[in-house]
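Take a look at the structure set out below.
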Amino acid sequence: MEHKNFEVMTGNKACAWGVKLSRVQVASIYPVTPQTTIGEYIAEFIAKGELNCELVNAEGELSTQAIVKAASRVGARTFVCTSGPGQLYMHHPMHGTSSGRLPVVMATVHRGNKGMQPDHTDLMSQLWTGWIQWYCENNQEVLDSVIMAYRTAEDKRVRLPIAIGYDGYILSYTSEPVEIPDQAMVDEFLPPYEPIPNILPDKWAEAQTRRGAGMMGDFMSGGADPQAAWRIHHEAILNSKGVIKEVNEEFGKRFGRKYGNGLVEEYRTDDAEAVIVAMGTIASTARVAIDRMRSEGKPVGLVKLKTFVPFPTEDFQELGKRTRAIGMIDRNVCLGLGGAGFGELRRALYDLEERPRILGFYAGLAGAEVRVRDIEKMAEKTLKAARGEKVEPIIEWAKLGGGE
Amino acid sequence: MIEIRLHGRGGQGAVTANEILAEAAYYEGKYAQAIPMYGTERRGAPVTAFLRLDEVRVRERDLVHNPDIVVVLDPAIAQRPSILEGLKAGGLVIANYPHPPERFPLGGNFRVTTVDATAIALETLKRPITNTAILGAFSKVTGLVKVESIEKAILHRFPGTLGEMNVKAVRMAFERTPAPIQAVGGVKEKDEEGPLSGSGYGLIRSAAGWRTFRPVWNYEKCTGCRICWIFCPDNAIGWGEERPTVDYRKCKGCGICVNECPTKAVEFKREEI
Ligand code: SF4
Ligand code: SF4
């Protein structure tokens, strides 16, 4: 292994290193397992004089979010982090941060809502809050993502908060070598935050208070459109895809590592008849499953879904044209509706003239262990579907950890 | 890829040992992935940790199910057949155990070596924290990580006197660990620790095996003040006929009673294995 400035560290330490290298000025953190040690590492950096940051202790996550929102508003680069129940408690002010178009970066160390163990339901519960969402597969990606997130969030074409999700325990407390980028190189990549003093359209407040004012015409042309706040926010997220890709490319050029195209990463999808889609650490384990199956001559591939919001619709449509079946692995379930990834994927591909079959798998919820052979089984089933065989059910709760 | 599983008890430092090994391996150019397994954090409760060593980045994110090597930090846990679960045929067990490998109680298709890491820890650290000593044994019998790298990783993590004391423990264990032998003991059918009802934790298992030391009462000195009875965190001390009684199945050997007794009526005695 090539030795640059590596250190063996946990995912939470990698996250704290990302915060330090990004020269965050205000952080507010309330402890909740498995996120707690991020705050401890940041406090240590500050105590040693290595980071000039105001770390604000608050009495709960609702306050931590309100604090970084205010700090960001007055021009500070801000960081907040949480897990599971804390994430849910933070929900309301998260809307305010994103509506204010404030470039707050948040780490969500996944902890499910039905126990201490990880799944993606905590961050998926925030899908309606108007934040960009990224998911990471290893500790290096956690560190790199924090730096890339500030560059993306603060870009004047974006101006939106970004949440970086990574699996609790599986990454938060697992140690592995992580390269610590050079501070000078990070400074070059990520210049100081330049706030825009008044970023809300003047008519916005007026529009929000005048029901029916939309009949007077679009607020841009003088009238007030009560829906404008939602439309503009929605379009801003959709339009951030280009910047996300651009930042990822530039990071790759400067640091020698990038994460697919910033939205998705395809792994051995060339000539693949069937593709599975995975997020977070399941995507990491899935690479081993794909390698094993490829060595047996089975044409399967993997798409790692890194950016869930905005959803990489175009990438999947393009993939959909050259694949016969896609198996979506969801580490979440929107109760009564289904897996968020499955729903989005079908939404993205519905309009294709010839669309692939789309299967759904629930796996890894409440920390259920997902092993290589579990993923092989899912990919096998997807390959069968690609070859026109009847597979049932279309959506299944993966039976994990069975015998060899 | 080499896969390793560590068994210990909360407070013995299995998670730290795992991270030190990972760092030491990394110094030698290996990729290392150290995974801790947390349950309810409780001093004395069994803890497991996993380590993968490879030449390239480890992508598997599941736990280790078929270890090549099992490392046991606790002599009572070392006697339990469950430590052998999934161990590869011909695998290796490195155990903190006060007797030579010939007397190791478990048998099967594996090699085993033992070192009295508790004695070494008591000698060097004055506490039964066996995590660093066992790493000396690991280095010696596996050759996977040089003892110098382990020492460097320890000093990186614990600079100063604490680090040096731990380095001493590592060296002592390195010298005292014999070459592994083919395991000769007979595998017992079942683990011995059966369930036991205890207040506060619902149904719990006997904590008897958790002890390095056992509290012993000297009723001549006891004034019946009930302080030990109030302070025992595991409800192991009962009250009968104006004096404290102890249920050794519940006692985990934390030493709080010894510490709190105002008349020094409770004394700690080393458990024998
Ligand atoms: S050592 Fe004393 S205080 Fe601790 S569990 Fe045993 S009886 Fe209770
Ligand atoms: S604390 Fe000491 S003196 Fe008091 S009851 Fe317990 S043993 Fe007796």
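The listed protein sequences derive, respectively, from chains A and B.
Each residue of the first sequence is one higher than the one before, starting from 1 at the first, in our numbering.
Each residue of the second sequence is one higher than the one before, starting from 405 at the first, in our numbering.
Note that beta-carbon positions come from the ideal geometry of N, C-alpha and C, so glycine has one too.
- Check the Cα spacing between B:R647 and each of B:M441, B:I533 and B:Y623: the tightest is with B:Y623.
- In the assembly as shown, B:P563 is an exposed residue. Its beta-carbon has fewer than 16 other beta-carbons within 10 Å.
- What you get when you keep residues with a C-beta closer than 6 Å to any heavy atom of ligand 1 is B:P619, B:C636, B:D638, B:A640, B:I641, B:V650, B:C655, B:K656, B:G657, B:C658, B:G659, B:I660 and B:C661.
- For the beta strand (DSSP E) assignment, the uninterrupted runs of no fewer than 3 residues enclosed by the segment 533-602 of chain B are, from N- to C-terminal side, 585-588 and 599-601.
- For secondary structure counted as the beta strand (DSSP E) over 3 or more consecutive residues, the segment 30-63 of chain A holds these complete runs in sequence order: 54-57.
- Annotated as proximal: B:A525 and B:I533, with beta-carbon spacing under 8 Å.
- Beta-bridge partners assigned by DSSP to A:F255: none are found.
- The residues G540, S543, K544, V574, R575 and F578, in chain order, have a CB closer than 8 Å to that of B:V551 in the same chain once the five nearest residues on each side in sequence are set aside.
- The beta carbon of B:D651 sits closer than 6 Å to the beta carbons of A640 from its chain, once the five residues preceding and following it are set aside; these are given in chain order.
- Residues of chain B with a Cβ closer than 9 Å to the Cβ of A:R371 are, in chain order, E464, D466, L467 and H469.
- For the segment 162-182 of chain A, the set of positions with a beta-carbon nearer than 9 Å to some beta-carbon of chain B reads D167, Y169, I170, L171, Y173, T174, S175, E176 and P177 in chain order.
- Excluding its 5 nearest sequence neighbours in each direction, B:G511 has C-beta neighbours in its own chain below 8 Å: A587, V588, G589, G590 and V591, listed in chain order.
- Neighbours of A:V288 in chain B, taken as residues whose beta carbon is under 8 Å from its own, are R463 and E464 in chain order.
- The nearest non-hydrogen atom of ligand 2 is 7 Å or more from the C-beta of A:T281.
- Of all residues in the segment 424-444 of chain B, the ones placed with a Cβ closer than 8 Å to any Cβ belonging to chain A are A426, E427, Y430, G433, K434, Y435, A436, Q437, A438, I439, P440 and Y442, in chain order.
- A:L302 carries a strand assignment under DSSP once its states are collapsed to helix, strand and coil.
- Those residues of the segment 303-317 of chain A placed with their C-beta closer than 8 Å to a C-beta in chain B do not exist.
- Per the coordinates, the alpha-carbon of B:V419 lies some 51 Å from the alpha-carbon of A:L352.
- For A:T36, no CB of chain B lies under 8 Å from its own CB, so it is not counted at the interface with that chain.
- T281, I282 and S284: these are the residues of the segment 262-284 of chain A whose beta carbon lies less than 8 Å from some beta carbon of chain B, given in chain order.
- Per DSSP, B:P450 lies in no alpha helix (DSSP H); the unbroken beta strand (DSSP E) holding it starts and ends at P450 to D458.
- Relative to A:Y89, the option among A:E265, A:V32 and A:D270 whose CA is nearest is A:V32.
- When the five nearest sequence neighbours on each side are left out, the beta carbons in the same chain lying within less than 6 Å of the beta carbon of B:A482 are those of V476, A499 and Y501, in order along the chain.
- When beta bridges are read from the DSSP output, A:C15 appears opposite no residue.
- The Cβ of A:V8 sits closer than 8 Å to at least one Cβ of chain B.
- A distance below 7 Å between beta-carbons, with the five flanking residues on each side excluded, links A:E249 to the following residues of its chain, in chain order: K258.
- Judged by DSSP secondary structure, B:L410 falls within the beta strand (DSSP E) whose first and last residues are I406 to R413.
- For the segment 313-398 of chain A, the full-length alpha helix (DSSP H) segments reaching 4 residues or more read 313-322, 340-349 and 372-386 along the chain.
- Closest in alpha carbon position to B:T518, among B:E464, B:L559 and B:R507, is B:R507.
- Per the coordinates, the alpha-carbon of A:L335 lies some 26 Å from the alpha-carbon of A:V275.
- In this structure the segment 89-99 of chain A does not lie against the segment 341-355 of chain A, because fewer than three pairs of beta carbons, one per stretch, are closer than 8 Å.
- Between the segment 320-331 of chain A and the segment 345-365 of chain A, the count of C-beta pairs closer than 8 Å reaches three or more; the two stretches touch.
- With a threshold of 7 Å, the Cβ atom of B:R630 counts as near ligand 2, since some heavy atom of the ligand is closer than that.
- Beta-bridge annotation (DSSP): A:I232 is not paired with any residue.
- For A:T10, DSSP records a beta bridge to A:S175.
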